[in-house]
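These protein sequences, in sequence, are chains A and B.
All residue numbers for the first sequence refer to our numbering, where the first residue is 187 and numbers rise by one.
All residue numbers for the second sequence refer to our numbering, where the first residue is 4 and numbers rise by one.
Yeah, the Cβ is synthetic: ideal placement off N, Cα and C, and Gly gets one too.
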Amino acid sequence: MVLRRKTFKTNMKNGVILLMLSLFFTVAVQAQQKFERESRLKISEVPENAKLFLESLFSNPTKIRWYKEESLTGITIEAKKKEKEGTYSIKFSLAGELQDTELTQKFNQLPPETQQRITDHLQATYKRAKIKKVQLQWLAPQEIISALIKGKQPAESYTTNYEVEFSGNKDGEVKLYETLFDHAGNPMETKEIVQRNLHHLLY
Amino acid sequence: MCAQAQHRFGIMPQINTDFKIGQLLKVNTKLENRFILYQNPIQTNASRSEYERTDIELIVSANKGRLKNAGVGYLIRRSDNDGSFLHRSIQQYSFGQQISNLQLAHRLRTDQTFEKQEAVQYRVRYRLSLEKPLSGLKVDPKEYYMKFNTEVMGILKEQKTNMELRLLSALGYNHSDEDQLEIGFDYRAEDLIGSNTENLLWLTVGWYHSF
């Protein structure tokens, strides 16, 4: 009995020492600024005009997922809907005004000249760029977006851009980037995607 | 090495920290304890509940360059069985993968375990981790998530092979990009080959902090 008590005390002492050694490096660090934050919205929280517009576009509106997105540029409401041609992401202001429509694409679905220009730009700017995701972006009023989503070609003009997410090696470091290209494949704007710390998954 | 109970349930608290050394290296340290709350059958000189062991692990990984995500490490374990120490060398390669709103991580490890009066044990391990946000499209600060791990390992010791399977299901809270707290259950089936399979279930509580 005495031997077991002594062993317990020794174990506890060693446990405390080991715990203190592990906490040796404890220094508080401020968290990084977040660029985007989204949360799920209930259908009752969505502006009526945005809801009606989406219901006019898709045959099964119950499968539409709504999110509120907060970013450095403000707050928007986003609808996501999977269709056979890809996933649509349609953004509205808080008042329900259409801002942006995006559709996921495969890179080889882009016009050949656009693909070539994008590839040339990535090869010239990064070592070993690898495309992860492509989205077609339409900037147009609701009537034109409605025609495009229904597969019709509208008579009025509209703007088409391409948002490309890729990993690129620059100065020996591989990072994730997002570049917005115009319809011809000319780069307009590039943002670095800040990657989350995944230590709780990797170790 | 003393024999262990075939069925054990307990608690496994863990502190996991990491920090960078310059731009090239990343260091991950882990302190993990195991306390048995129930075991069956009870071994000689053991009680139903007792302290089992403490592990300190250190992994150094490359943060950029051709060897990015590859690491080497070391673990020391103090076991309560006989107060002895166990040493382990570790080699690891891990990376993340995003699929839709799911964050996956793949971890491949090999390790070699050295114990006094025991043959060297060699293991090859693959773990798949999956993180699912519980609100929104990705895990943001001050949000909850679910984490699931599946790990299989092949073991070789004294020319005998065996296998182990581990499953984890945990609820996590992402306080910030540098701090996560998780609580869940970690099930392990050890010595799957043969008739002496051990079943272990741990209530795991983990704090992950990045400096």
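Quiz item: Does R382 (chain A) have its Cβ less than 7 angstroms from a Cβ in chain B?
Solution: Counting from one through the first sequence, the residue named residue 382 (chain A) turns up at place 196. Yes, contact with chain B.
Quiz prompt | Cutoff 7 angstroms: D189 (chain B) Cβ touching any chain A Cβ | solution = To locate residue 189 (chain B), count along the second sequence from 1; it is residue 186. Chain A contact via Cβ: absent.
Exercise. Name, please, each residue of chain A whose Cβ falls closer than 8 angstroms to the Cβ of E154 (chain B).
Key: Counting from one through the second sequence, the residue named residue 154 (chain B) turns up at place 151. By Cβ distance, chain A contributes nothing, its closest Cβ being about 12 angstroms from E154 (chain B), past 8 angstroms.
Quiz prompt | Assigned exposure category for L387 (chain A) - 16 Cβ within 10 Å defines buried | solution = In the first sequence, counting from the first residue as 1, residue 387 (chain A) sits at position 201. Burial check for L387 (chain A): the Cβ neighbour count within 10 Å reaches 16 or more, so the residue is buried.
Practice problem: Please report the Cβ distance between L89 (chain B) and T116 (chain B), rounded to the nearest whole angstrom; I am assuming they are in contact, meaning their Cβ atoms lie under 8 angstroms. | Solution: One-based indexing of the second sequence puts residue 89 (chain B) at position 86. One-based indexing of the second sequence puts residue 116 (chain B) at position 113. 6 angstroms between Cβ atoms; contact.
Practice problem: Answer yes if the segment 97-108 of chain B comes into contact with the segment 346-358 of chain A, meaning at least three C-beta pairs across the two stretches below 8 angstroms, and no otherwise. | Solution: no
Quiz prompt | First and last residue of the uninterrupted alpha helix (DSSP H) at H385 (chain A) | solution = As a working mapping, residue 385 (chain A) is identified with position 199 in the first sequence. From DSSP, the alpha helix (DSSP H) with H385 (chain A) extends over 385-388.
Quiz item: Do you know whose CA, among A:K228, A:K268, A:T273, lies nearest W252 (chain A)'s CA?
Solution: Residue numbering aside, residue 252 (chain A) sits at position 66 when the first sequence is read from its first letter. The candidate whose alpha carbon is nearest that of W252 (chain A) is A:K228.
Quiz item: Is it true that the CB of M166 (chain B) sits closer than 7 angstroms to the CB of I196 (chain B)?
Solution: Within the second sequence, the letter at position 193 stands for residue 196 (chain B). Within the second sequence, the letter at position 163 stands for residue 166 (chain B). Cβ distance < 7 angstroms, so I196 (chain B) and M166 (chain B) count as in contact.
Quiz item: In chain B, which residues lie with their C-beta within 7 angstroms of the C-beta of R223 (chain A)?
Solution: As a working note, residue 223 (chain A) is residue 37 in the first sequence. Chain B residues near R223 (chain A): D143.
Quiz item: In the structure shown, what three-state DSSP assignment does H307 (chain A) receive?
Solution: The count along the first sequence starts at 1 and reaches residue 307 (chain A) at position 121. Looking at H307 (chain A) - three-state DSSP - the assignment turns out to be helix.
Exercise. Sort B:E121, B:S198, B:G209 by Cα distance to L171 (chain B) and report the nearest one.
Key: On the second sequence, position 168 is the one that residue 171 (chain B) refers to. Taking only the C-alpha atoms, the option nearest L171 (chain B) is B:G209.
Quiz item: By the 10 Å Cβ neighbour count, where 16 or more other Cβ atoms means buried, how is K237 (chain A) classified, buried or exposed?
Solution: What you label residue 237 (chain A) is simply residue 51 of the first sequence in a count that begins at 1. Under this definition K237 (chain A) is a buried residue.
Quiz item: If you draw a straight line from the alpha carbon of N72 (chain B) to that of A65 (chain B), how long is it in whole angstroms?
Solution: To locate residue 72 (chain B), count along the second sequence from 1; it is residue 69. To locate residue 65 (chain B), count along the second sequence from 1; it is residue 62. Going from the Cα of N72 (chain B) to the Cα of A65 (chain B) covers about 6 angstroms.
Quiz item: Whole alpha helix (DSSP H) runs in the segment 255-334 of chain A with 4 or more residues, listed along the chain?
Solution: 298-311
Quiz item: Does DSSP put F239 (chain A) in a helix, in a strand, or in coil?
Solution: Position 53 of the first sequence holds residue 239 (chain A). DSSP, read as helix, strand or coil, puts F239 (chain A) in helix.
Quiz item: With distances taken from CA atoms, which of B:S97, B:Y190, B:V155, B:Y147 is nearest H178 (chain B)?
Solution: Position 175 of the second sequence holds residue 178 (chain B). Closest by alpha carbon: B:Y147.
Quiz item: Under the three-state reduction of DSSP, which class applies to T248 (chain A): helix, strand or coil?
Solution: The residue labelled residue 248 (chain A) in the question sits at position 62 within the first sequence. Helix.
Exercise. Would you identify the three-state DSSP class for E234 (chain A), choosing helix, strand or coil?
Key: What you label residue 234 (chain A) is simply residue 48 of the first sequence in a count that begins at 1. E234 (chain A) falls in the helix class under three-state DSSP.
Practice problem: For the beta strand (DSSP E) containing E342 (chain A), list its first residue and its last residue. | Solution: What you label residue 342 (chain A) is simply residue 156 of the first sequence in a count that begins at 1. E342 (chain A) -> no beta strand (DSSP E), and no H or E assigned at all.
Quiz prompt | Three-state secondary structure assigned by DSSP to I215 (chain B) | solution = No answer is possible for residue 215 (chain B): the residues shown for chain B start at 4 and end at 214.
Exercise. Below 7 angstroms CB to CB, which residues in the same chain sit around A1 (chain B) once its five sequence neighbours on both sides are set aside?
Key: Only positions 4 to 214 of chain B appear in this structure, which leaves residue 1 (chain B) out of reach.
Self-check item: Cβ pair count under 8 angstroms reaching 3, the segment 237-248 of chain A against the segment 330-348 of chain A
Solution: With contact defined as three or more Cβ pairs closer than 8 angstroms, the segment 237-248 of chain A and the segment 330-348 of chain A are in contact.
Quiz item: Going by DSSP, which residues form a beta bridge with D83 (chain B)?
Solution: Numbered from 1 along the second sequence, position 80 holds the residue referred to as residue 83 (chain B). D83 (chain B) pairs with nothing; no bridge assigned.
Quiz item: So, does the CB of R390 (chain A) fall closer than 7 angstroms to a CB anywhere in chain B?
Solution: This structure cannot speak to residue 390 (chain A), because chain A is shown only from 187 to 389.
Practice problem: Give a yes or no on whether the minimum CB-CB distance between D114 (chain B) and chain A is below 7 angstroms. | Solution: On the second sequence, residue 114 (chain B) is found 111 positions in, with the first residue counted as 1. So no, D114 (chain B) is outside the interface.
Quiz prompt | 6 angstroms Cβ shell around T262 (chain A) - same chain, five flanking residues per side excluded | solution = Taking the first sequence and counting its residues from 1, one reaches residue 262 (chain A) at position 76. Here the set comprises E255, K277.
Quiz prompt | Minimum C-alpha distance to Y41 (chain B) - residue among B:G13, B:K119, B:E60 | solution = For the purposes of this step, residue 41 (chain B) is taken as the residue at position 38 of the second sequence. Per the Cα distances, B:G13.
Quiz item: Cβ of R226 (chain A) within 7 angstroms of Cβ of G175 (chain B)?
Solution: Looking up residue 226 (chain A) in the first sequence gives position 40. Looking up residue 175 (chain B) in the second sequence gives position 172. Cβ atoms of R226 (chain A) and G175 (chain B): not closer than 7 angstroms.
Quiz item: Do the CB positions of K377 (chain A) and E359 (chain A) come within less than 7 angstroms of each other?
Solution: Reading the first sequence from its first residue, position 191 is the one you call residue 377 (chain A). Reading the first sequence from its first residue, position 173 is the one you call residue 359 (chain A). No, Cβ-Cβ distance for K377 (chain A) and E359 (chain A) is not below 7 angstroms.
Self-check item: Cα-Cα separation, Q328 (chain A) to E181 (chain B)
Solution: Taking the first sequence and counting its residues from 1, the one referred to as residue 328 (chain A) is at position 142. Taking the second sequence and counting its residues from 1, the one referred to as residue 181 (chain B) is at position 178. The alpha-carbon atoms of Q328 (chain A) and E181 (chain B) are separated by roughly 42 angstroms.
Quiz item: Relative to the alpha-carbon of Q291 (chain A), which residue among A:D306, A:G260, A:K319 has its alpha-carbon at the smallest distance?
Solution: As a first step, residue 291 (chain A) must be located in the first sequence, where it is residue number 105. Of the residues A:D306, A:G260, A:K319, the one whose Cα lies closest to the Cα of Q291 (chain A) is A:K319.
Self-check item: R11 (chain B), buried or exposed, once every other Cβ within 10 Å from all chains shown has been counted against 16
Solution: Taking the first residue of the second sequence as position 1, residue 11 (chain B) is located at position 8. Within a 10 Å sphere around the beta-carbon of R11 (chain B) sit 16 or more other beta-carbons, which makes this residue buried.
Quiz prompt | Contiguous beta strand (DSSP E) assignments of at least 3 residues, all confined to the segment 159-195 of chain B | solution = 163-179, 182-193
Quiz item: Any Cβ of chain A within less than 7 angstroms of the Cβ of D180 (chain B)?
Solution: Within the second sequence, residue 180 (chain B) is the residue found at index 177, counting from 1. Closer than 7 angstroms: yes.
Quiz item: Would you say S87 (chain B) reaches chain A, if we count a Cβ-Cβ gap shorter than 7 angstroms as a contact?
Solution: Position 84 of the second sequence, counted from the start, is the residue given in the question as residue 87 (chain B). Not an interface residue.
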